[in-house]
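Presented below is the structure to which this report refers.
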Amino acid sequence: MSLKIKKGSTAHSAYNLRANYGDEVETHTLAVLVDNEAGVLARVIGLFSGRGYNIESLTVAEVDHQGHLSRITIVTRGTPQVIEQIKAQLGRIVPVHEVHDLTVEGAVVERELALIKVSGTGDKRVEALRLADIFRAHVVDSTLDSFVFQITGTPDKVDAFADLMRPLGLNEIARTGVAALARG
Amino acid sequence: MTRQMIGAKMIVQALKDQGVDTVFGYPGGAVLPIYDEIFQQNDIRHILVRHEQGAVHAAEGYARSTGKPGVVLVTSGPGATNAVTGLTDALLDSIPLVVLTGQVPTFMIGSDAFQEADTVGITRPCTKHNWLVKDTADLAATIHEAFHVATSGRPGPVLVDIPKDVQFASAKYTEKKQVNTSHYQPVVKGDMDQITKLVEAIEKAERPVFYTGGGVINSGPAASQLLRELVDATGFPITSTLMGLGCYPASGKSWLGMLGMHGLYEANWAMHDCDLMINIGARFDDRITGRLDAFSPKSKKAHIDIDPSSINKVIRADIPIIGDVGHVLEDILKVWKARGRKTNTEGLAKWWARIEEWKKVNCLSYTQQGNTIKPQYALERLEALTKHRKDRFICTEVGQHQMWAAQYLGFEDPNHWMTSGGLGTMGYGMPASVGVQIAHPEALVINVAGEASWLMNMQEMGTAVQYRLPVKQFILNNERLGMVRQWQELLHGERYSHSWSDALPDFVKLAEAFGAKGILCKDPADLDDAIMEMLNYDGPVIFDCLVEKHENCFPMIPSGKAHNEMLLGDASTQDVIGASGAVLV
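Chains as they are written, first to last, in our numbering: chain A, -1 to 182; chain B, 21 to 605.
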């Protein structure tokens, strides 16, 4: 299976620094290609906790069964210096093959999937179904007094839908975290 | 040719194929099959230490003094957890180690078995990489890969955890050359555009300084040679971190001495006032930089490091060069020579004139008077009586004595100075001296120690006596935790909370109890004779040198201050550390 990310584009991150090195906190989405071996996720998470970096979202799954490669998508926040340091530190981990900062490497598609349980009867139930239609959320389970909606989209869209569902009886939500790919 | 063998035999075979001649270790239930194999061969020498932490520090001493990876073998559970301090020490100082730990059999992992610990979990943040081998078929390849990872790129400690059933089971041995290590290949050649930029800066600089570190030593003896060539050809002044001492000779004409918190006045001022700082294999550690926003404000900074994460971590580099120091220095010399060996001689002459003014401050001066030995005097005499020995290796513990050793001893060659820099591990020096002496049986190995640090791993005297290692334990005994006491004086209103050592042993009797020689010296008039007695004794010596109890280590950049706010010995030390500096260590 071929992976549509260019090899090595941030391997020499120190050479690719942006000219202005501000103090503003930025959100970046990183794609990390790793050997799918025991403990590799612990290494990545341990790096973030040990060095005090933020994880907003993290997803991991095998993407190349034959090559035993997994792809970890991490959404993190920090100043540009911290973001550069996170990438360099990730690059030091032995089973890490590639680190890509999707946020600076060009246009990117980000998607998240959420399952949202909404309980209610009467008008509220009808309104939940109508809003779900607007958001193109699917009903994947239904009882007489509840729905489970499946929604996919950017994290913002999922947030917006969840906010709307709250007064209509939202009582449980499960989110996958962000998966992201460079466009084109 | 394929060879079938049991895991334990595979381990010994893999070590032989990696060129290992010495293993430091301690047996236990989970490594008995490996010890049985070691018993049945003569190619690899096993050194029995007295504590697993000692094994790791001894391996560090072996590695740092030879340039080869150190190898450690310990058992599961407490054997592995005792190794953790040594692993962390080696990680921070980039020392290549391969540590093999036994583990409970695979079918018992996770059952809280006797002497079970989650070794790979515990050591994940304190190794460069680690492996749990669950199948004997993978064992040999994993050990070969472990050596590759430990020694490639920025060196560091790795650990291989081997369950007992994996040691007993039989499988095909994987030869060293069959192992595919292609994916872990750190960049060693520097970017030529950046190197050219650096050469241009070298040609123009009026006030340049080389700031070198442990990376030069780790790169190998060739890197030190190239550095000497570059420094002597350009005539630029050079300073070094604690870890880099010896990469440029202390007798060299461009040498400024060590820099940093207890660095020399001229070195720190040169760093502060330079217009071009060339960092070669150092990492802008907080002991070096002092207050960051006042760190070398007028300079353009070049940073050569094999680890991309070191660059821009603390200080933003204007000219970043990722690569091995040896390779990069070779390219710098090539480009600089091809462009006509230019330097700004006029600017440089003025710069040296300023440096000479700073040198006149004579920041290491002290007064030896009366009947008490000053620790600085003890080291000056040690230096005078041993500096002719090309085969002199110095180890240290951690604290004031370590800084004085760095200030008052001169290092002419790389790999002759073993000290715990990054982690600051008290108890490092005694076992490290064992490892150095094992690697260099005929050499003069001296551990400059404080009595408090030395007690932390003094059990390794047993190892020294067992293997007839003539290590010299030169203890500057002030009956205090000297550096802690110094900070309490400067920062905590002279309230000396738990910073003295009561009930110290009689070190001469202690030496005799171990079967070594003990020497006590308390009078400056006797010092030379006593040192000569130590040097002339063919065996391990504990030298108890009673020194001034309240001596402070200067120069000192107080925490939270800048390089140009250094304290000298005669300065007032009242309230020198502000509230924001007080939270720093």
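Where a beta carbon is used, it is the ideal one built from N, C-alpha and C, also for glycine. Bear in mind that the values here come from a model prediction, so they are computed numbers and not experimental data.
**Study point:** Per-residue contacts from lysine 333(B) into chain A (C-beta, under 8 Å)
**Key:** Neighbours of lysine 333(B) on chain A, chain order: Gln83, Ala86.
Exercise for review: Classify proline 395(B) as buried or exposed, calling it buried when 16 or more other Cβ atoms lie within 10 Å of its own Cβ.
Suggested key: The C-beta of proline 395(B) has 16 or more other C-beta atoms within 10 Å across all chains shown, which makes the residue buried.
**Study point:** Contact the stretch 413 to 431 of chain B vs the stretch 45 to 58 of chain B: 3+ CB pairs below 8 Å
**Key:** Flag = no, the stretch 413 to 431 of chain B and the stretch 45 to 58 of chain B do not touch.
Review point. At least one CB of chain B closer than 7 Å to the CB of valine 92(A): is that the case?
Key: Cβ-Cβ to chain B under 7 Å: yes for valine 92(A).
Review point. Is any beta-carbon of chain B found at less than 7 Å from that of glycine 65(A)?
Key: Chain B contact via Cβ: absent.
Check your understanding: Can you list, in chain order, the residues of its chain whose CB lies under 8 Å from that of glutamate 403(B), leaving out five sequence neighbours each side?
Key -> Correct list, in chain order: Tyr428, Leu429, Gly430.
Point to revise | Helix, strand or coil at aspartate 37(B) [DSSP, three-state] | key: The DSSP-derived three-state label of aspartate 37(B) is helix.
**Study point:** Cβ contact check for the stretch 332 to 350 of chain B and the stretch 240 to 258 of chain B: 3 or more pairs under 8 Å
**Key:** Yes: at least three Cβ pairs fall under 8 Å.
Review point. How far does the beta strand (DSSP E) with isoleucine 300(B) in it reach, from first residue to last?
Key: First-last of the beta strand (DSSP E) with isoleucine 300(B): 296 to 300.
**Study point:** Partner residues on chain C for leucine 152(B), Cβ-Cβ distance less than 9 Å
**Key:** Here chain C cannot be found, since the structure's protein chains are A and B.
**Study point:** chain A contact residues for serine 329(B), given Cβ-Cβ distances below 8 Å
**Key:** By Cβ distance, chain A contributes Gln83, Ala86, Gln87, Gly89, Arg90.
Review point. Given 8 Å as the limit, is there contact between the stretch 443 to 450 of chain B and the stretch 106 to 113 of chain B, that is, 3 or more CB pairs closer than that?
Key: Contact between the stretch 443 to 450 of chain B and the stretch 106 to 113 of chain B is present, because at least three Cβ pairs lie under 8 Å.
Exercise for review: Report, in whole angstroms, the separation of the C-beta atoms of histidine 229(B) and glycine 264(B), which I expect to be a contact under 8 Å.
Suggested key: Looking at the sequence itself, residue 229(B) is valine, so the reference to histidine does not match. About 13 Å; that fails the 8 Å criterion.
Point to revise | Inter-residue Cα distance where the pair is glycine 589(B) and methionine 503(B) | key: Spanning the two alpha carbons is a distance of roughly 15 Å.
**Study point:** Best match in Val491(B), Gly266(B), Val118(B) for proximity to phenylalanine 245(B) [C-alpha to C-alpha]
**Key:** Going by the sequence as given, residue 245(B) is glutamine instead of phenylalanine. Sorting Val491(B), Gly266(B), Val118(B) by C-alpha distance to the C-alpha of glutamine 245(B) places Gly266(B) at the top.
Check your understanding: Hey, does glycine 76(A) have any beta-carbon neighbour from chain B nearer than 7 Å?
Key -> Residue-level contact check: glycine 76(A) does not touch chain B, since none of the beta carbons of chain B fall below 7 Å from its beta carbon.
Check your understanding: Are three or more beta carbon pairs between the stretch 144 to 151 of chain B and the stretch 122 to 129 of chain B nearer than 8 Å?
Key -> At 8 Å Cβ cutoff, the stretches do not touch.
Check your understanding: Would the stretch 306 to 326 of chain B and the stretch 65 to 74 of chain A be scored as touching if the rule is three or more Cβ pairs under 8 Å?
Key -> The stretch 306 to 326 of chain B vs the stretch 65 to 74 of chain A: no contact.
Review point. Thinking C-beta only, is asparagine 498(B) closer than 7 Å to valine 418(B)?
Key: Going by beta carbons, valine 418(B) and asparagine 498(B) fall outside the 7 Å limit.
Check your understanding: Cβ of glycine 45(B) within 7 Å of Cβ of histidine 66(B)?
Key -> Between glycine 45(B) and histidine 66(B), the C-beta spacing is below 7 Å.
Check your understanding: In whole angstroms, what is the alpha-carbon distance linking leucine 587(B) and proline 575(B)?
Key -> Between leucine 587(B) and proline 575(B), the alpha-carbon positions lie close to 5 Å from each other.
Review point. Bridge partners of tryptophan 275(B), per DSSP?
Key: Paired residues: Ile258(B).
**Study point:** At least three beta-carbon pairs within less than 8 Å, the stretch 368 to 385 of chain B to the stretch 281 to 297 of chain B
**Key:** Yes: at least three Cβ pairs fall under 8 Å.
Review point. Does DSSP classify serine 140(A) as helix, strand or coil?
Key: Assignment of serine 140(A) by DSSP, reduced to helix, strand and coil, places it in the strand class.
Review point. In the structure shown, what three-state DSSP assignment does lysine 318(B) receive?
Key: Correct three-state label for lysine 318(B): coil.
Check your understanding: Nearest-angstrom Cα distance between glycine 601(B) and glycine 360(B)?
Key -> Answer to the nearest angstrom: the Cα atoms are 47 Å apart.
Exercise for review: Indicate whether threonine 121(B) and threonine 101(B) have their beta-carbon atoms separated by less than 7 Å.
Suggested key: For threonine 121(B) and threonine 101(B), no; Cβs fall outside 7 Å.
Point to revise | Beta-carbon neighbours of glycine 44(A), restricted to chain B and to distances below 8 Å | key: The answer, in chain order, is Arg144, Pro145.
Check your understanding: Touching or not, the stretch 481 to 500 of chain B and the stretch 519 to 536 of chain B, by the rule of three or more beta carbon pairs under 8 Å?
Key -> Yes, the stretch 481 to 500 of chain B touches the stretch 519 to 536 of chain B.
**Study point:** For phenylalanine 574(B), the three-state DSSP class (helix, strand or coil)
**Key:** Phenylalanine 574(B) falls in the coil class under three-state DSSP.
Point to revise | Candidates Ala191(B), Ile495(B), Arg515(B): closest to methionine 450(B) by CA position | key: Comparing alpha carbon positions, the residue from Ala191(B), Ile495(B), Arg515(B) closest to methionine 450(B) is Ile495(B).
Check your understanding: Identify the residues that DSSP records as bridge partners of glycine 538(B): which are they?
Key -> Its beta-bridge partners are Ile562(B).
Point to revise | Inter-residue spacing [alpha-carbon to alpha-carbon] between arginine 41(A) and threonine 95(B) | key: Each residue's Cα considered, the two are about 24 Å apart.
Practice item. Tell me, please, whether the CB atom of glycine 118(A) is closer than 7 Å to any CB atom in chain B? Key: Look at glycine 118(A): its C-beta is not under 7 Å from any C-beta on chain B.
Point to revise | asparagine 62(B) to leucine 530(B) span [Cα, whole Å] | key: C-alpha separation (whole angstroms): 34 Å.
Review point. How would you write the range of the beta strand (DSSP E) that phenylalanine 615(B) sits in, first residue to last?
Key: The question about residue 615(B) has no answer, for chain B in this structure spans 21 to 605.
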